[in-house]
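Residue numbers (this note's numbering): 41 to 232. Glycine residues also receive a C-beta, built at the ideal position from the N, C-alpha and C atoms. All of these numbers come straight from a predicted model, not from anything done at the bench. Heads up: the structure comes next, in structure tokens.
Next comes the structure, spelled out in structure tokens:
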């Protein structure tokens with residue numbers, strides 16, 4: 041089943057469940073806060089384990105692809121030459137950054153605006169997302185990096201990804217696209 045659809049189902053169910061939870065009870069609120077903190081600690085532990093696996097494998101296989109131009113930009117797509125090790129590290133940095141931003145937003149929503157219901161949902165969805173991530177599938181669950189797990193990975197995109205459609209911003213790995221992007225002069229520099 042599509043992860044976005046299961047996320048939507050979880051959100052809808054948890055919204056109904058959270059209406060019945062007595063958040064005004066300090067013990068219940070403390071328990072939900074603890075669940076949220078434990079969830080984020082587990083996510084961080086998973087990501088640190090993934091980092092150790094990436095560094096242990098240190099796969100220096102060259103990876104070439106064409107990165108699409110930012111949405112709404114008039115720039116040309118950029119040719120990228122990197123290694124599997126560097127690519128995985130960059131993907132992991134993006135996951136950490138996303139997690140920290142999520143915790144920050146939740147902190148503002150809960151501590152400043154006093155919203156409590158999202159704590160419950162945000163204890164489940166990010167943890168589920170971490171377990172479904174490509175890096176975790178490859179480095180923790182040992183799935184081979186082939187098929188959908190072949191690098192570079194497609195960016196998980198909003199409603200387009202939810203409907204299974206491909207957009208104009210897809211990463212290209214074919215030789216013709218890479219050569220065209222390298223000739224266009226944008227990119228081609230090796231990332232370390």
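Residue i: first and last residue of the uninterrupted beta strand (DSSP E) it sits in
| i | result |
| --- | --- |
| residue 107 | 102–107 |
| residue 118 | 118–123 |
Residue i vs residue j beta-carbon contact at 8 Å
| i | j | result |
| --- | --- | --- |
| residue 50 | residue 165 | yes |
| residue 132 | residue 192 | no |
| residue 161 | residue 54 | yes |
| residue 43 | residue 188 | no |
| residue 94 | residue 129 | yes |
Extent of the continuous alpha helix (DSSP H) to which residue i belongs
| i | result |
| --- | --- |
| residue 180 | Unbroken run through residue 180: none, as it is neither H nor E. |
| residue 168 | 157–172 |
| residue 95 | 66–97 |
| residue 43 | 43–59 |
Exposure label - residue i; buried when at least 16 CB within 10 Å
| i | result |
| --- | --- |
| residue 138 | exposed |
| residue 205 | Confidence in residue 205 is poor, its pLDDT being 43 and thus under 50, which makes the residue's placement unreliable; the coordinate value appears in the next sentence. Residue 205 is exposed by the Cβ-count criterion. |
| residue 127 | buried |
| residue 72 | buried |
| residue 96 | exposed |
| residue 76 | buried |
| residue 120 | buried |
| residue 67 | exposed |
| residue 38 | What the structure shows of the chain is the stretch from 41 to 232, and residue 38 is not part of that stretch, so it cannot be assessed. |
| residue 186 | exposed |
Integer Cβ distance of residue i from residue j, believed to fall under 8 Å
| i | j | result |
| --- | --- | --- |
| residue 106 | residue 211 | 7 Å |
| residue 163 | residue 79 | 4 Å |
Q) With a cut-off of 8 Å, do at least 3 Cβ pairs link the region 87–96 to the region 170–182? A) yes
**Q.** the region 100–114 touching the region 149–158, judged by at least three CB pairs closer than 8 Å
**A.** no
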